[in-house]
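**Student:** In full-length UniProt numbering, the protein residues as written are 1 to 142. No residue lacks a Cβ here, since even glycine has one placed at the ideal position from N, Cα and C.
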């Protein structure tokens, strides 16, 4: 099991890129949210999130590497794993909301914004844990 702090997740650009596509739907208030665009945007986001979970969880995942490098971060890693279940449920709920007739653009925008916020917080917590695991205190400063 390698503990290379520089190694980047291979799925990160896919997850970030898919989230960016959905974010564009939120940023253009003159353009109504179209169900077909949203539905198509959710597919790569869901796929990338599944890949992220597969790459990070389990005995050979990145989270195991992180705990191996810094056992004190086990609690934070367990929080990230729990967040995976919450985000997956949010993705599923958003898929269902998009399929439901009569759901307004504002409700869809709100649901997408909530999901993107959860993904952003999850990504930030993961980055914070990596920083905590591999930071080096060089000392000598007064």
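1) Three-state secondary structure (DSSP) at residue 44?
2) Residue 37 to residue 102, Cα distance in whole Å?
3) In terms of residue numbering, what span does the alpha helix (DSSP H) encompassing residue 129 cover?
4) Is it true that the CB of residue 91 sits closer than 9 Å to the CB of residue 129?
5) Skipping 5 residues on each side, what residues in its chain have a beta carbon closer than 8 Å to that of residue 124?
6) How would you write the range of the alpha helix (DSSP H) that residue 61 sits in, first residue to last?
7) I'd like to know whether the C-beta atoms of residue 143 and residue 98 end up nearer to each other than 9 Å.
**Tutor:** On the basis of the supplied data:
1) Position 44 of the chain shown holds residue 44. Of the three classes helix, strand and coil, the one that applies to residue 44 here is helix, per DSSP.
2) Here the question's residue 37 lines up with position 37 in the chain shown. Here the question's residue 102 lines up with position 102 in the chain shown. Inter-residue distance for residue 37 and residue 102 is about 16 Å (C-alpha atoms, whole angstroms).
3) Walking along the chain shown from the start, residue 129 turns up at place 129. Unbroken alpha helix (DSSP H) run through residue 129: 105 to 134.
4) In the chain shown, the residue the question calls residue 129 occupies position 129. In the chain shown, the residue the question calls residue 91 occupies position 91. Going by C-beta atoms, residue 129 is not nearer than 9 Å to residue 91.
5) Your numbering for residue 124 matches position 124 in the chain shown. So the list is empty, once near-sequence residues are dropped.
6) If you number the chain shown from 1, residue 61 lands on position 61. Neither: residue 61 is in no alpha helix (DSSP H) and is coded neither H nor E.
7) The structure shown does not extend to residue 143, since the chain is modelled only from 1 through 142, so no value can be given for it.
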